[in-house]
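One structure below.
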Amino acid sequence: MEAYILIIDDDQAISQGIATLLEQRNFPAKYTNCGRKALAMLENPPLPRLIVLDVMMPDLDGFTLCRAIRQHLVHIPILMLSARDETSDKILGLDTGADEYMTKPFDPDELVARIRAMLRLAERATPNASANAVYQCGALRMIQASYTVEVADRSIQLTPREWTLLLTLAKAPGSVFGRETLLRQVWGTSFVGETRVIDVLVQRLRAKIEDDATSPQYIATVRGFGYRLVLPE
């Protein structure tokens, strides 16, 4: 089957409506109203190219489901869709592994635009002749074709957002980047003013590349401003 987008929402009208919308925009789509069924679907190919995930579901809430998906599938973009619009909810969604967070009710055109942007970002990781760049930054070796970073004899798979953040810092090691600047680099205008989401993404990245995320060697905090990449001697 052609690569598809998976919608997981317990509201039949919403999940079916999103699937119809995406089909109209030439995106093949499947949907399920059950979190556990979604996990079963993700155990076998073909896998979706993107997941639209509701938060409030009866069997498995979206936060729990997102964590479960991320344990095995790092590369598939996840857009969390929820009526919960507090900043704390958005941060929790991103902390569990989502790449985007949109609130209900939503504008259909904006949803499609977000999905297109996420797919463009994810597809940059597809190996091809123009995507073979390798960035060496101190002990960090970053391979663009697979969105992986090699450090201390480990090969670590990053999500597209984690990759974009690390690459932004790595292109100017030692330079200090403000949270607003990083927010624009990683998410564009999706989270204007909500700089705490950068802190969440940094925590996720540190958990992957640092030996001790509580005492980071590579990504240093510049208190009250932002972050910089440090090259340990």
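So in my numbering, the last one in the sequence shown is 720, and the numbering has no gaps at all. Just so you know, even glycine gets a beta-carbon here, dropped at the ideal spot from N, CA and C.
Requested in this report: Tell me where the beta strand (DSSP E) around ARG641 begins and ends.
Outcome: The sequence position of residue 641 within the sequence shown is 154, counting from 1. That run of the beta strand (DSSP E) goes 641-644.
Query raised in the report: GLU681 to ALA620, Cα distance in whole Å?
Result: Your numbering for residue 681 matches position 194 in the sequence shown. Your numbering for residue 620 matches position 133 in the sequence shown. Rounded to whole angstroms, GLU681 to ALA620 spans 31 Å at the Cα level.
Report task. May I ask you to report which of helix, strand or coil DSSP gives GLN623? Result -> Locating residue 623 in the sequence shown gives position 136, counting from the first residue. The answer is strand: DSSP assigns GLN623 an E or B state.
Query raised in the report: Apart from the five residues just before and just after ALA694, which ones in its own chain have a Cβ nearer than 6 Å to its Cβ?
Result: To locate residue 694, count along the sequence shown from 1; it is residue 207. Here the set comprises ALA700.
**Report entry** Residue span of the alpha helix (DSSP H) that contains ASP686, given as start and end
**Finding:** Taking the first residue of the sequence shown as 1, we reach residue 686 at position 199. Where ASP686 is concerned, the enclosing alpha helix (DSSP H) stretches over 683-696.
Report task. Tell me where the alpha helix (DSSP H) around GLY528 begins and ends. Result -> Translated into the one-based positions of the sequence shown, residue 528 becomes position 41. Note on residue identity: the sequence assigns Met, not Gly, to residue 528. Where MET528 is concerned, the enclosing alpha helix (DSSP H) stretches over 522-528.
**Report entry** Identified DSSP bridge partners for LYS517
**Finding:** Your numbering for residue 517 matches position 30 in the sequence shown. DSSP, once it has assigned bridges, lists LEU493 as partnering LYS517.
Query raised in the report: Which stretch, first to last residue, makes up the beta strand (DSSP E) that contains GLY713?
Result: Taking the first residue of the sequence shown as 1, we reach residue 713 at position 226. Segment 713-716, the beta strand (DSSP E) holding GLY713.
Report task. Tell me the start and end of each unbroken alpha helix (DSSP H) in the segment 516-602 that is at least 4 residues and wholly inside, in chain order. Result -> 522-528, 549-557, 574-582
Report task. Verify whether the separation of the beta carbon atoms of ALA609 and PRO660 is less than 8 Å. Result -> In the sequence shown, residue 609 corresponds to position 122, counting from 1. In the sequence shown, residue 660 corresponds to position 173, counting from 1. No; because the gap between Cβ atoms is not below 8 Å, this pair is not in contact.
Query raised in the report: Using the rule of at least 16 other Cβ atoms within 10 Å of the residue's Cβ for burial, across every protein chain shown, is THR451 buried or exposed?
Result: Limits of the chain in this structure are 488 at one end and 720 at the other, which puts residue 451 out of reach.
Query raised in the report: Three or more beta-carbon pairs under 8 Å between the segment 490-498 and the segment 533-553, yes or no?
Result: yes
Query raised in the report: Relative to the C-alpha of THR651, which residue among SER642, LEU509, GLN672 is closest?
Result: Against the sequence shown, residue 651 aligns to sequence position 164. Among SER642, LEU509, GLN672, the Cα nearest to that of THR651 is on GLN672.
Query raised in the report: Is it the case that the Cβ atoms of ARG601 and MET589 are separated by a distance below 8 Å?
Result: The sequence position of residue 601 within the sequence shown is 114, counting from 1. The sequence position of residue 589 within the sequence shown is 102, counting from 1. In contact: ARG601 and MET589 (Cβ atoms closer than 8 Å).
Query raised in the report: Since GLN644 and HIS559 are thought to touch, with beta carbons under 8 Å apart, how far apart are those beta carbons, to the nearest angstrom?
Result: Walking along the sequence shown from the start, residue 644 turns up at place 157. Walking along the sequence shown from the start, residue 559 turns up at place 72. That belief does not hold up - the Cβ atoms of GLN644 and HIS559 are roughly 11 Å apart, past 8 Å.
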